[in-house]
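Here is the structure we will look at.
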Amino acid sequence: MTSPQTFRIAAIPADGVGCEVVSSGRSVLEAVAARSQGRLAFAWQEFGWGAEHYARTGAMMDPDGLEQLADFDALYFGAVGWPSVPDHISLWGLRLAICQGFDQWANIRPVTFLPGIVSPLRAADDTELDWVVVRENTEGEYAGFGGRNFGARADRGEVAVQSAVFTEVGCERIIRFAFELARTRTRRFVSSVTKSNAQQYGMVLWDDVFTRVAADYPDVQTESVLVDAMAAKFVLRPQDLSVVVASNLHADILSDLGSALAGSLGLAASANLNPERRFPCMFEPVHGSAPDIAGQGIANPVGAIGSAALMLEHLGLPDEMKAVQAAIAATTAAGVRTRDVGGNASTDEVTQAIIDHLGLARP
Ligand code: GGG
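Taking the numbering used here, the leading residue of the sequence shown gets 160, the next gets one more, and so forth.
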C-alpha cells in the first residue's frame, strides 16, 4: 500500500467555543481520512494561542508566530475574544495578525440554507437561496491607520482618528476574485456594496474599479448597491443574490446578517484566502468565541465543520468537501441540531451525526 498524502494542518482553537468547535472539525476530518482507504491523512499541530496565552505572556501569540505557521498546508482557526482581554487587542493580536501577515486578502463567506433549519425569511421555505459574501480582508476600515492624541488638552479632550484605506490594487484583486467566483456559479451575478454617497474618496475609488473590472466580464451581470439598501435586500430579495463583494467592515456585518437569516451565526463557514498561495490560508467559523455558552458543550459545530469542508477543497479534495457538506445537510435534515437552531443536541452529538452521515466509502 502506498503511503497516504499527508496534509500538515495548524490548529489554532484560540478562545471560548473556538476550542469546542475546532475539536469537532478535527474529528470530522479524521473521519474523512479514516474513510479514504489510506489515500490521505492529516498531521496536526495545535497552537495554544489566545486569551490564556495573553494572560501568561502579554501577547496573543508567540512573537515568531507567523514564522511557525508559514510552512503549514492550511490553518484551522476557532474564534478569538475573551472578556479578560480588550477586544481590539485580542483581534489585532491574533486573527488580524494572521490575515494581514499572510495577506489573506479574500475572505469567502457562503450563506448556506440547510434543510430542517427554520429561517426567519418566509421565502426561504420555497425559494432556492444560496449566496456568497466576498469580504476584502486586509485593508479598508481594518487598515489600522490612525491614532489617538490630545488627551492632555483638557478633561475629556482626547481625539481619535481611524482612517479607512482603499488601494486600487486591493480593490481590484478582491473585485476580480468576485467575478471569477461568479463564473463558477449557476447565476453569474455580482453585487458590489459601498457607501459611496457618503464616503466620497475610498468608496468612489472602489466603485470606479468595479466599473472598470466589470468590463472584462461581459458574461457576468452586475449591480452596485449602497450598504444600507443591501441590508434590506438580504431580507427582502435574497433570491436575487449570488456573489456579494464588499469592504472589510461592510462584508463582516452583511455576512452576519446572512447567516442569521439562514438560521444562526453558528452555521456560517469561512475561508481566509491568499489566492496566490504565497502564504497558508486559514479556515474558521464566522462566529466568535461566545463566552456566554463556552465550556457547556452546546456550541453549534456546523460553521467550523463547514469551514473544514472548505479547507478540503483548498487542499485539492473536492469530493471530500462535497461529502462533508452533504453530511452536514443530512444531519440538519434529520433534526439533529444544537439549541441555537431549535434543537437540543450537544456539540458532540451533532459532530457524531455528521461523521455517521459521511458515507465516504468511495469518494
Ligand atoms: N472565528 C471568527 C472570529 O474569531 N471572530 C472574532 C471577531 O471578533 N471578529 C471580528 C472581525 O473579524 O471583524
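Note that the Cβ used here is the ideal one computed from N, Cα and C, for glycine as well.
| query | result |
| --- | --- |
| Contact check, Ile464 vs Ser183 under 8 angstroms by CB: the rounded distance? | 6 angstroms |
| Where does Asn266 fall in DSSP's three states? | strand |
| Got a sec: does ligand 1 put a non-hydrogen atom nearer than 8 angstroms to the Cβ of Leu255? | yes |
| Excluding the five sequence neighbours on either side, which residues of its own chain have a C-beta within less than 7 angstroms of the C-beta of Ala453, listed in chain order? | Gly175, Val176 |
| Assuming Gln227 is part of the alpha helix (DSSP H), what are its boundary residues? | 224–228 |
| Where DSSP assigns a beta bridge to Glu205, which residues make up the other side? | Ala170 |
| Does any residue of chain B bring its CB to less than 9 angstroms from the CB of Tyr213? | As a matter of chain content, chain B is missing from the structure shown, which is built from one protein chain. |
| Check for me: the alpha helix (DSSP H) holding Asn539 runs from which residue to which? | Because residue 539 is not part of the residues shown, which for the chain are 160 to 522, the question remains open. |
| Within its chain, find whatever has a CB closer than 6 angstroms to the CB of Tyr301; leave out the 5 residues flanking it on each side and keep chain order. | Asn407 |
| Applying the 10 Å Cβ sphere with the 16-neighbour rule, what's the burial state of Thr510? | buried |
| Verify whether the separation of the beta carbon atoms of Leu426 and Ala190 is less than 9 angstroms. | no |
| Would DSSP call Asp451 helix, strand or coil? | coil |
| Which residues in the same chain as Val384 place their Cβ atom closer than 6 angstroms to its Cβ, once the five residues preceding and following it in sequence are excluded? | Ser350, Val352 |
| Would the C-beta of Gly329 count as close to ligand 1, meaning under 8 angstroms from any of its heavy atoms? | no |
| Give the DSSP bridge partners of Leu234, in chain order. | Ala169, Met441 |
| Using CA coordinates, which residue listed in Leu234, Gly252, Tyr235 is at the minimum distance from Trp241? | Gly252 |
| According to DSSP, what are the bridge partners of Ser383? | Ser351 |
| Starting from Arg185 and walking both ways along the beta strand (DSSP E), at which residues does that stretch end? | Taken as a continuous stretch (DSSP letters only), Arg185 belongs to no beta strand (DSSP E), being part of the alpha helix (DSSP H) at 176–193. |
| Given this structure, state the Cα-to-Cα distance separating Pro450 from Ala482, to the nearest angstrom. | 31 angstroms |
| Name the two residues that bound the continuous beta strand (DSSP E) containing Gly462. | Segment 461–473 is the alpha helix (DSSP H) holding Gly462; no beta strand (DSSP E) there. |
| Is there contact here, the stretch 255–263 with the stretch 484–503, by at least three beta-carbon pairs under 8 angstroms? | no |
| Threshold first: 4 residues or longer. Then list the alpha helix (DSSP H) segments lying entirely within the stretch 292–342, N to C. | 327–342 |
| Would you list the residues sitting across from Asn431 in a DSSP beta bridge? | Asn266, Met441 |
| Closer than 8 angstroms: is that where the CB of Pro444 sits relative to any heavy atom of ligand 1? | yes |
| If I measure Cβ to Cβ from Asp232 and keep anything under 8 angstroms in the same chain, skipping five residues before and after, which residues do I get? | Phe166, Arg167, Ile168, Pro439, Leu474 |
| Compute every distance between the C-beta of Ser243 and the non-hydrogen atoms of ligand 2, then say whether any falls below 8 angstroms. | With respect to ligand 2, the structure shown offers nothing to examine, as its ligands consist of ligand 1. |
| Residues in its own chain within less than 7 angstroms of Cys330 by CB, not counting five upstream and five downstream? | Leu364, Trp365, Val368 |
| Alpha carbon to alpha carbon, how far is Ala391 from Leu400? Give it in angstroms, no decimals. | 12 angstroms |
| At a cut-off of 8 angstroms, would you count Asp411 as near ligand 1, judging by its Cβ distance to the nearest heavy atom? | yes |
| How far does the alpha helix (DSSP H) with Met362 in it extend, from its first residue to its last? | 361–373 |
| In the DSSP output, which residue or residues are listed as bridge partners for Asp515? | Asp515 is not bridged to any residue. |
| Let me know if Arg521 comes out buried or exposed under the rule of 16 or more other beta-carbons within 10 Å of its beta-carbon. | Confidence is the limiting factor: at Arg521 the pLDDT is only 41, short of 50, which leaves the residue's position unreliable, though a coordinate-based value still follows. When all chains shown are included, Arg521 counts as exposed. |
| Identify, in the order they occur along the chain, each residue of the same chain with its Cβ nearer than 6 angstroms to the Cβ of Gln380, setting aside the five sequence neighbours on each side. | Phe348 |
| Got a sec? Which residues, its chain only, sit under 8 angstroms from Ile414 by beta carbon, not counting five neighbours each side? | Contrary to the premise, residue 414 reads as Ser rather than Ile in this sequence. Around Ser414: Arg268, Val270, Val292, Arg294, Ala427, Ser429, Val445. |
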